[in-house]
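>
Residue numbers (this note's numbering): 3 to 315.
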């Protein structure tokens with residue numbers, strides 16, 4: 003993105019413009035027979051093509067504008083933009099079993115109706131879509147190649163308190179989707195909808211997590227939501243693969259407390275770590291098939307960078 007360009011706001015839920023060749027389709031849930039709408043693109047090219055599942059944000063739905071849709075057309079990928087129960091303020095939305103099954107069924111639909119290269123299935127989400135992307139990583143039944151989660155939420159219980167302090171309305175959404183009464187959070191239900199508390203799966207999927215270092219001050223999701231989830235996966239992989247202490251390689255893969263403190267205090271790179279797009283990288287970690295990049299930015303996705311990473315992964 004050009005430095006003079008206005009950043010895309012990921013609380014913007016205005017409908018997008020979905021002309022042909024995008025097609026509005028309907029999928030009936032196998033769990034409760036509810037109808038899920040989605041926007042779908044099937045290339046005329048009948049050779050096996052990559053599939054992108056692009057996830058809407060916290061307050062959005064399948065009609066929400068998607069900056070990746072134009073790039074999909076240019077590269078002639080298969081594409082689906084599912085609804086998965088719409089905005090996250092009802093019990094069947096917000097990473098419920100219904101919402102996650104809706105996403106799996108959207109993938110099923112694409113595979114059934116287009117020639118998907120099943121070795122190249124990609125999921126991308128930003129903000130509330132990043133939250134759902136983490137949930138898809140943890141629980142999808144599909145062999146997804148790469149999942150990118152931009153500025154995601156991972157812990158609803160923590161985000162409830164963070165949002166209540168900011169008085170931005172998201173805490174009320176969390177109360178609604180968790181069935182909480184009298185403004186008192188149903189903590190157990192919030193935990194049940196939080197990927198950070200779920201069992202880490204054994205899978206080959208690559209997971210990339212991105213967060214803007216100013217988020218949580220200027221934006222709605224603190225960077226600790228990304229860092230803590232990444233560290234959880236590293237620790238879970240370590241516990242599965244080894245028996246004793248974290249070795250030197252694993253220690254370096256974890257985001258250390260002093261690194262977190264530095265980022266929260268200074269909001270700038272720990273050292274020269276290069277750039278992602280035109281943004282400085284403030285912190286970069288990786289372990290196995292997962293990576294974390296904290297970049298100089300706010301609550302945002304870098305669209306061109308996001309699509310390029312998926313294309314080349």
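Don't be surprised by glycine CBs; every beta carbon is placed ideally from N, CA and C.
In chain order, what residues of the same chain lie with their CB nearer than 7 Å to the CB of residue 291, ignoring the 5 residues before and after it?
Here the set comprises 206, 207, 208, 209.
> Quick one: what's got a C-beta closer than 7 Å to residue 264's C-beta in the same chain, skipping five residues either side?
So the qualifying residues of the chain are 272.
> If you pair each beta-carbon of the region 35-47 with each one of the region 71-83, do three or more pairs fall below 8 Å?
Counting Cβ pairs under 8 Å, three or more are found: they touch.
> By how many angstroms is the C-alpha of residue 148 removed from the C-alpha of residue 305?
Taking the straight line joining both Cα atoms gives about 16 Å.
> Tell me whether the beta-carbon of residue 279 lies closer than 8 Å to the beta-carbon of residue 307.
In this structure, residue 307 lies closer than 8 Å to residue 279 by Cβ.
> Count Cβ pairs between the region 86-96 and the region 50-68 that sit closer than 8 Å; are there 3 or more?
Touching, yes, given that three or more Cβ pairs across the two stretches are closer than 8 Å.
> Anyone know if the C-beta pair for residue 227 and residue 161 falls short of 8 Å?
It is a contact, given that the beta carbons lie within the stated cut-off.
> What span of residues does the alpha helix (DSSP H) with residue 179 cover, start to end?
Per DSSP, residue 179 belongs to the alpha helix (DSSP H) from 172-179.
> Shortest alpha-carbon distance to residue 75 belongs to which of 51, 113, 65?
Per the Cα distances, 51.
> Measure the C-alpha to C-alpha separation of residue 152 and residue 217 and round it to an integer number of angstroms.
If you take the alpha carbons of residue 152 and residue 217, they lie about 11 Å apart.
> On a CA-only basis, which of 256, 240, 31 is nearest residue 229? Give me that one, please.
Cα-wise, what sits closest to residue 229 is 256.
> Counting C-beta neighbours from all protein chains within 10 Å, is the total for residue 258 16 or more, i.e. buried, or is it exposed?
Its Cβ having fewer than 16 others within 10 Å, residue 258 is exposed.
> Taking Cβ positions, are residue 130 and residue 155 nearer each other than 8 Å?
Yes, the pair counts as a contact, with Cβ atoms nearer than the cut-off.
> What is the rounded straight-line gap between the Cα of residue 288 and the Cα of residue 241?
Rounded to the nearest angstrom, the two C-alpha atoms are 17 Å apart.
> Given residue 124, which residues of its chain have a CB within under 8 Å of its CB, disregarding the five upstream and five downstream residues?
Counting only Cβ-Cβ distances below 8 Å, and skipping sequence neighbours, we find 52, 53, 54, 55, 146, 147, 148, 149, 150, 312, 315.
> In the DSSP assignment, the beta strand (DSSP E) including residue 161 goes from what residue to what residue?
Careful: residue 161 lies outside any beta strand (DSSP E), inside the alpha helix (DSSP H) at 158-168.
> Take the Cβ of residue 134 as the centre, count every other Cβ of all protein chains shown within 10 Å, and call the residue buried at 16 or more, exposed below.
By the 10 Å Cβ count, residue 134 comes out buried.
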